[in-house]
Amino acid sequence: MSVTLKAIKRPDHTRSTTRKLRESGQVPAVVYGKEKESKSIAVDSIELIKTVRDEGRNAVISLDIADDSSVDVMLHDYQLDAIKDELVHADFYVVNMSEEMDVAVTVRLEGEPQGVKDGGVLQQALYEVQVRATPNNIPDEITIDVSSLDTGDSLTVADIPKAANYEILDDPESTLVTILTPTTDDDVEGIDNEDEEPELVGEAQTERNAD
Numbered sequence: 000m001s002v003t004l005k006a007i008k009r010p011d012h013t014r015s016t017t018r019k020l021r022e023s024g025q026v027p028a029v030v031y032g033k034e035k036e037s038k039s040i041a042v043d044s045i046e047l048i049k050t051v052r053d054e055g056r057n058a059v060i061s062l063d064i065a066d067d068s069s070v071d072v073m074l075h076d077y078q079l080d081a082i083k084d085e086l087v088h089a090d091f092y093v094v095n096m097s098e099e100m101d102v103a104v105t106v107r108l109e110g111e112p113q114g115v116k117d118g119g120v121l122q123q124a125l126y127e128v129q130v131r132a133t134p135n136n137i138p139d140e141i142t143i144d145v146s147s148l149d150t151g152d153s154l155t156v157a158d159i160p161k162a163a164n165y166e167i168l169d170d171p172e173s174t175l176v177t178i179l180t181p182t183t184d185d186d187v188e189g190i191d192n193e194d195e196e197p198e199l200v201g202e203a204q205t206e207r208n209a210d
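Per numbering that gives the first Met the number 0, the very first residue in the sequence shown carries number 0; after that it's consecutive.
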C-alpha cells in the first residue's frame, strides 16, 4: 500500500521563485518516467523526510498533485545542501505497479558473530544489493543473520535467503561479509622481524676472523 504525499505544480522556474519555495519549507522537484511527460512540482520538505524515514527509501508514494491527477512514484534521487544539511531538490520516478524494476536495497547485518566474540574482525564487503521486483514487492532492506559465523567464515550473495517476490541480481559468488582472523602480538612480532635486514654472510665471517 502506498503512502500519500501532497504536491503543488511549479510552473515558475526562476531563481527568486525557487528560493521563496525553499524558504517556505517546500522542496523543488521533478516527476518523470518511462513514456511520461516530466512535471515540475514542489513538496513539503518535512513531510518528504518523514515519509522516507517512516516508509523507507524504496517506498511507493502516491503523489497527490494539486489540480492534477495522483501518480504512483518512488524517490529516485535527492540533493542536499552540504552546509545547511537541507533538502534542495528531489527527483520522483513514475512507476508501473505491475512492472518489475531494478533498485538498490540495503543489506543489514543482524547478530554478533561468534568469531567477533573470539577477537575476530567483521568486514562487510557489500552494503547494498541490486533487486528486481514489482514496486510493492521491493523490500526496504535485506536482513542477514551473522551470529553463527566463526573466525575465517564468510557469506556470499548466494547465502541470502531466497524470496518468492523478488530476485537478487548480484553475482552469487560476491562476498557479503567475512570474519577476519584476529591479529595477535606474535603476528606483529613476526612482521617486525621480517622487516629487519638480514645479516650478510661475508660481513659476519669477516667480523669473526677479526675477533
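Cβ atoms here follow ideal geometry from the backbone N, Cα and C, with glycine treated the same way.
It should be emphasised that the depicted structure is a prediction, and the values quoted were computed from it without experimental measurement.
- Task: Name the one or two DSSP bridge partners that residue 27 has.
- Result: Within the sequence shown, residue 27 is the residue found at index 28, counting from 1. When beta bridges are read from the DSSP output, residue 27 appears opposite 41.
- Spatial neighbours of residue 109 within its chain, please: CB distance less than 8 Å, with the 5 preceding and 5 following residues excluded, ordered by chain position. Working through the sequence shown from its first residue, we reach residue 109 at position 110. Taking residue 109 as the centre and dropping the five residues before and after it, the same chain places the C-beta of 142, 143, 144, 145 and 146 closer than 8 Å to its C-beta, in chain order.
- Message: Beta-carbon within less than 7 Å of residue 118's beta-carbon, same chain only, minus the 5 sequence neighbours each way: which residues are those?
- Response: Numbered from its first residue, the sequence shown carries residue 118 at position 119. Once the five neighbours on either side are set aside, the close Cβ partners of residue 118 are 181.
- Output the boundary residues of the alpha helix (DSSP H) element that contains residue 258. Nothing about residue 258 can be read from this structure; the chain reaches only from 0 to 210.
- Item | Backbone secondary structure at residue 32 - three-state DSSP | What you label residue 32 is simply residue 33 of the sequence shown in a count that begins at 1. If DSSP states are grouped into helix, strand and coil, residue 32 belongs with the strands.
- Item | Nearest-angstrom Cα separation, counted from residue 17 out to residue 48 | The sequence position of residue 48 within the sequence shown is 49, counting from 1. The sequence position of residue 17 within the sequence shown is 18, counting from 1. Whole-angstrom Cα-Cα distance: 19 Å.
- Task: Along the alpha helix (DSSP H) that carries residue 115, what are the first and last residues, could you check?
- Result: Counted from its first residue, the sequence shown places residue 115 at position 116. Residue 115 -> alpha helix (DSSP H) spans 113 to 116.
- Kindly identify the DSSP beta-bridge partner or partners of residue 107. Locating residue 107 in the sequence shown gives position 108, counting from the first residue. Bridge partners of residue 107: 142.
- Query: The beta strand (DSSP E) with residue 87 in it runs from where to where?
  - Reply: On the sequence shown, position 88 is the one that residue 87 refers to. For residue 87, the uninterrupted beta strand (DSSP E) segment begins and ends at 85 to 93.
- Rounded C-beta distance between residue 8 and residue 64? I'm assuming under 8 Å. Position 9 of the sequence shown, counting from 1, holds the residue named residue 8. Position 65 of the sequence shown, counting from 1, holds the residue named residue 64. Confirmed, about 7 Å.
- Item | Whether residue 132 touches residue 99 by CB criterion (9 Å) | Residue mapping note: residue 132 aligns to position 133 of the sequence shown, counting from 1. Residue mapping note: residue 99 aligns to position 100 of the sequence shown, counting from 1. Contact: yes.
- Task: With a threshold of 16 other CB atoms inside 10 Å of the CB of residue 78, please say whether the residue is buried or exposed.
- Result: Indexing the sequence shown from 1 puts residue 78 at position 79. Exposed, by the Cβ-count rule.
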